[in-house]
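Residue numbers (this note's numbering), protein chains in the order written: chain S, 1406 to 1702; chain G, 742 to 947.
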């Protein structure tokens, strides 16, 4: 999924600069090797895995506000579906980019980050200016366990962002009907979930069917073919055209400093209500049946 | 020395090895929704399996001293089959209870693995030494028999691991696979008992 983004970055880096990527930090964690690489103005967090290196998060050193990855920008389509979020939960920290931007946009919002790998949190703090304070916290925990515990404590979130897939390996317990039901149980009445996920492979259909089974119709956000898609689900009603237009007008000036073109993104939003692009008999993934990694080819 | 009864014993030992590793592999799947998929999950599962197999070997060896028979051997399989079933039937409430009482997912997963896998794996562990007892006829060949037995049961384990993880999880629900294993070892147990009683009848008529 971030394959293409990484390829694109690699290609542009090759074409535009002669500067070679330099590893400025590497760290071995329980789960993987983590590298921080600098290439000219671009600093990236990479996971060094068997098959290839995948960029998890990148920032421009001279313009840290400017978002690098398209999928990060697409995630902000969520703001067209909700009022100002007050409680945000992010599963999968990466470089902490989403957390930082949301904190800048909504300084009063409580933002909780759940990340399974403590080394990722450390690298985000040290190299990607990940901000933590009395509003923004991070916790080393599996996303599924975090949400189960949050549900027991009857916590509610206006915005749950699921960004836990790194492209090489899918935690199979984070893509099941039961998990999505648990997410649903921690959404506030007007809350939504935004999931950064697949746009190709056989898993696309299974994942779509699973989201649909739990949340009903949802929105796919995707601006380029064969790149990531963001799933927006859990909303009660689709906003009307006028509501969308007024939200875009209100939010665009706030988001443009980050390189987010909300108008263009809104054009890439499509509800499954009009376009159910998976076969009706697609098997829903459950805790009992979730061979996600075997289906992802 | 390689008669039909011995072939049956080897086949049963193979199947128990197959089932043990198939179940162990699914353990990770079963625990993940409550305790995550981190390395400590496998720590818990493998610890419990190794520990219960070790107790099973001890118990099976002890049990083989007094009047060993194919019927008793079959009963071990039947009992194992019954004890495997709760993994499919009660895993959910058991894990819910543990999850709500233990915050630390390391100890939560250790306790959950113990609750689900300890007893069935002890019983499955009894099979190996009992098989040796049934197969060994003279001291010279005892090492060879034990070696052959380790060979088939470990080969079964290897195949149980790969077939479960590569193919069965794509085709079936976790619980269906568990129930499949229980059915397999239960029917083999019945088969052993049936073969033994037929053989006894033959002896009686002879």
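Ideal placement from N, C-alpha and C gives every residue a C-beta, glycine not left out.
With a threshold of 8 Å on Cβ separation, who are the neighbours of residue i within its own chain once the five nearest residues in sequence on each side are excluded?
i, result
"residue 781(G)", "846, 847 and 850"
"residue 1369(S)", "Residue 1369(S) lies beyond the stretch modelled for chain S, which goes from 1406 to 1702, so this question has no answer here."
"residue 890(G)", "751, 754, 869, 872, 873 and 876"
"residue 1437(S)", "1452, 1453, 1454 and 1522"
"residue 1467(S)", "1446"
"residue 852(G)", "839 and 843"
Kindly list the residues whose CB is nearer than 6 Å to the CB of residue i, restricted to its own chain and excluding five residues on each side of it in sequence; keep chain order.
i, result
"residue 1501(S)", "1529, 1533 and 1535"
"residue 1667(S)", "1653, 1656, 1657 and 1660"
"residue 796(G)", "863"
"residue 1585(S)", "1619"
"residue 1491(S)", "1514 and 1563"
Would a C-beta distance cut-off of 7 Å place residue i and residue j closer than the cut-off?
i, j, result
"residue 1677(S)", "residue 1603(S)", "no"
"residue 1680(S)", "residue 1635(S)", "no"
"residue 893(G)", "residue 886(G)", "no"
"residue 898(G)", "residue 758(G)", "yes"
"residue 756(G)", "residue 929(G)", "yes"
"residue 862(G)", "residue 790(G)", "yes"
"residue 1499(S)", "residue 1543(S)", "no"
"residue 1478(S)", "residue 1485(S)", "no"
"residue 1569(S)", "residue 1496(S)", "yes"
"residue 1610(S)", "residue 1687(S)", "yes"
"residue 1564(S)", "residue 1431(S)", "no"
"residue 1608(S)", "residue 1699(S)", "no"
"residue 793(G)", "residue 840(G)", "no"
"residue 1434(S)", "residue 1524(S)", "yes"
"residue 1633(S)", "residue 1476(S)", "yes"
"residue 927(G)", "residue 799(G)", "no"
"residue 828(G)", "residue 856(G)", "no"
"residue 1506(S)", "residue 1616(S)", "no"
"residue 1547(S)", "residue 777(G)", "yes"
"residue 865(G)", "residue 935(G)", "no"
Suppose the cutoff is 7 Å on Cβ atoms and the five residues either side in sequence are ignored; what does the same chain contact list for residue i look like?
i, result
"residue 1639(S)", "1589, 1592, 1596, 1597, 1598 and 1620"
"residue 810(G)", "937"
Taking only beta-carbon atoms, is residue i less than 7 Å away from chain G?
i, result
"residue 1550(S)", "yes"
"residue 1532(S)", "no"
"residue 1682(S)", "no"
"residue 1523(S)", "no"
"residue 1578(S)", "yes"
"residue 1456(S)", "Its pLDDT being 48, under 50, residue 1456(S) is placed unreliably by the model, and the measurement read from it follows with that caveat. Not closer than 7 Å to any Cβ of chain G, the Cβ of residue 1456(S) fails to qualify, so no."
"residue 1699(S)", "yes"
"residue 1694(S)", "yes"
"residue 1622(S)", "no"
"residue 1547(S)", "yes"
Would you give the residue range spanned by the beta strand (DSSP E) that residue i belongs to?
i, result
"residue 1642(S)", "Taken as a continuous stretch (DSSP letters only), residue 1642(S) belongs to no beta strand (DSSP E), as it is neither H nor E."
"residue 1520(S)", "1515-1520"
"residue 840(G)", "Note, residue 840(G): premise wrong, no beta strand (DSSP E); alpha helix (DSSP H) at 811-842."
"residue 1596(S)", "1592-1602"
"residue 1636(S)", "1634-1638"
"residue 1674(S)", "1674-1676"
Hey, is residue i's beta-carbon within less than 7 Å of any beta-carbon in chain S?
i, result
"residue 851(G)", "no"
"residue 706(G)", "Any answer about residue 706(G) is impossible in this case: the structure gives chain G only from 742 up to 947."
"residue 773(G)", "yes"
"residue 767(G)", "no"
"residue 915(G)", "yes"
"residue 830(G)", "no"
"residue 936(G)", "no"
"residue 785(G)", "no"
"residue 760(G)", "no"
"residue 799(G)", "no"
"residue 857(G)", "no"
"residue 854(G)", "no"
"residue 763(G)", "no"
"residue 921(G)", "no"
"residue 777(G)", "yes"
Give the range of the alpha helix (DSSP H) segment to which residue i is assigned.
i, result
"residue 1692(S)", "Unbroken run through residue 1692(S): none, as it is neither H nor E."
"residue 783(G)", "780-804"
"residue 1544(S)", "Premise fails: residue 1544(S) lies in the beta strand (DSSP E), 1541-1545, not in any alpha helix (DSSP H)."
"residue 944(G)", "915-946"
"residue 1706(S)", "Absent from the structure is residue 1706(S), since the part of chain S shown begins at 1406 and ends at 1702."
"residue 868(G)", "868-876"
"residue 1663(S)", "Counting along the chain, residue 1663(S) falls outside any alpha helix (DSSP H), and DSSP gives it neither H nor E."
"residue 898(G)", "883-904"
Below 6 Å, is the gap between the Cβ of residue i and the nearest heavy atom of the ligand GDP?
i, result
"residue 1583(S)", "As far as ligands go, the structure on display features none, and thus does not contain the ligand GDP."
- Query: For the stretch 1550-1567 of chain S against the stretch 779-794 of chain G, are there 3 or more C-beta pairs whose distance is under 8 Å?
  - Reply: Taking a cut-off of 8 Å on C-beta distances, the stretch 1550-1567 of chain S does not touch the stretch 779-794 of chain G, as fewer than three cross pairs fall below it.
- Query: Using 8 Å as the threshold, is the stretch 801-808 of chain G in touch with the stretch 905-924 of chain G, meaning 3 or more CB pairs across them?
  - Reply: Too few Cβ pairs lie closer than 8 Å, so no.
- Item | Three CB pairs or more closer than 8 Å across the stretch 1687-1700 of chain S and the stretch 860-878 of chain G | no
- Message: Within 8 Å, do at least three Cβ pairs link the stretch 1653-1666 of chain S to the stretch 1574-1589 of chain S?
- Response: no
- Any contact of the stretch 1537-1546 of chain S with the stretch 1514-1526 of chain S, i.e. 3+ C-beta pairs under 8 Å? yes
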